[in-house]
Amino acid sequence: MPELPEVETTRSGISPHIHNKVVGQVVIRQENLRWPVSPNLVNALTGEKILSVERRAKYLLLKTGAGTVIIHLGMSGSLRIAHRESRIGKHDHVDIVFDDQTILRFTDPRKFGCMLWEEGNISEHPLLVKLGPEPLSDDFTSEYLHSASRRRKSAIKTFIMDGQVVVGVGNIYANEALFEAGIHPKREAGRVSIARYEKLTVSIKKILLRAIEAGGTTLRDFTSSDGQPGYFKQSLCVYGRGSEACRLCGTPLKEIRLGQRSTVYCSKCQR
DNA sequence: ATGCGGACCTGTTAGC
DNA sequence: TGCTAACAGGTCCGCA
């Protein structure tokens, strides 16, 4: 479900409900997520105040004075604000209950997500330390992408989806950004000119920003933390449109698999 | 160092 | 209508 815009939509959606609130209780119904929920999460987090709700890549970070909760939503995870009366669903794995009875509820049917407690310096955490720059930051430039890609044989789509290169570019937006930049997804990353990387970085930033403004992409059942669906899906140009007409030239879009991921492109507009 | 395929798990959809 | 297989937003890990 979540790509970076969905995670950012989740962050901004939950933050006002939990910022500066004190955790009264932590309820773990299912600890077998991608990694086991940290065994000391309940003891460590109870009584702590949420000082900030941050995001690094697709990780959400709930910072307290004692440590940080690291949350990843995986493919199917979501965080919602719930209340005592809210029905508990089959895949509602963790509740963080605040003193005012507000509940932050972690749901994840596929259990690819995680919820970890980290007391050390969060930026040195193994999951975060090797990550590339944020795509919306000033560090993410065509010069950076160009130099990082030299001698890289992999397809450019695989390259920009590599979290060590740049974070937050998932399958949907990788497809969309390459279409907008006019670059064939299979093109060898190391052979793309800096001018084309300039187009690509601009496209990535623009598409992610637009999606964040729209509240994320709605695919199947994504809803943001307040239950409102995102509205970006209707503006997707290629993702999910295999064999349909290119919005620019009318040519039927091609759909292939690249690194086991569905890849859609226009063979005329993307070279 | 880079690149690839497999793994994790459940729900939905496409096809017979 | 019902069963089965394929596929889905992510990304870590081990092996070549």
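Offset between the first sequence (1-based) and this note's numbering: plus 465. Where is the CB? At the ideal position from N, CA and C, for every residue including glycine. Because the structure is a prediction, the values reported are computed rather than measured.
Contact annotation, Ser732 with Glu720: C-beta distance approximately 11 Å; criterion of less than 8 Å not satisfied. The DSSP-derived three-state label of Leu581 is strand.
Under the three-state reduction of DSSP, Phe605 is assigned to coil, being neither helix nor strand. Taking Ser543 as the centre and dropping the five residues before and after it, the same chain places the C-beta of Thr572 closer than 6 Å to its C-beta, in chain order. Going by C-alpha positions, Ser503 is about 35 Å away from Arg675. Per DSSP, the unbroken alpha helix (DSSP H) holding Val507 starts and ends at 506-510. With respect to Ile483, Val559 sits apart: the two C-beta atoms are not nearer than 8 Å. Looking at the DSSP output, Pro717 bridges to Ala710. Ile553 sits in coil when the DSSP states are folded into three classes, being neither helix nor strand.
When Gly680, Ile677, Ala646 are compared, the shortest CA-CA separation from Thr666 is found for Ala646.
A contact between stretches requires three or more CB pairs, one per stretch, nearer than 8 Å, and the region 588-605 fails this requirement with the region 502-516. Bridge pairing for Asn497: Pro501 [DSSP]. A Cβ-Cβ separation of about 6 Å places Gly532 in contact with Glu583 under the 8 Å criterion.
Its chain contains Thr716, Pro717, Leu718 as the residues whose beta carbon lies nearer than 8 Å to that of Ala710, once the 5 sequence neighbours on both sides are disregarded; these appear in chain order. Approximately 29 Å separates the beta-carbon atoms of Ile672 and Leu569; this is outside 8 Å, ruling out the contact. Under DSSP, Val488 takes part in a beta bridge, and its partners are Phe563. Comparing C-alpha distances from Gln495 to each of Arg722, Ser588, Gly578 shows the shortest one belongs to Gly578. Between the alpha carbons of Val491 and Ala620 lies a distance of about 44 Å.
Shown here, Leu592 sits in a helix according to DSSP, grouped into three states. Here Asn640 has Val703, Tyr704, Val729 as same chain residues with Cβ atoms under 6 Å from its own Cβ, once five neighbours each way along the sequence are excluded. If you compare the alpha carbons of Gly635, Asp603, Gly512 with that of Asp565, the shortest gap goes to Gly512.
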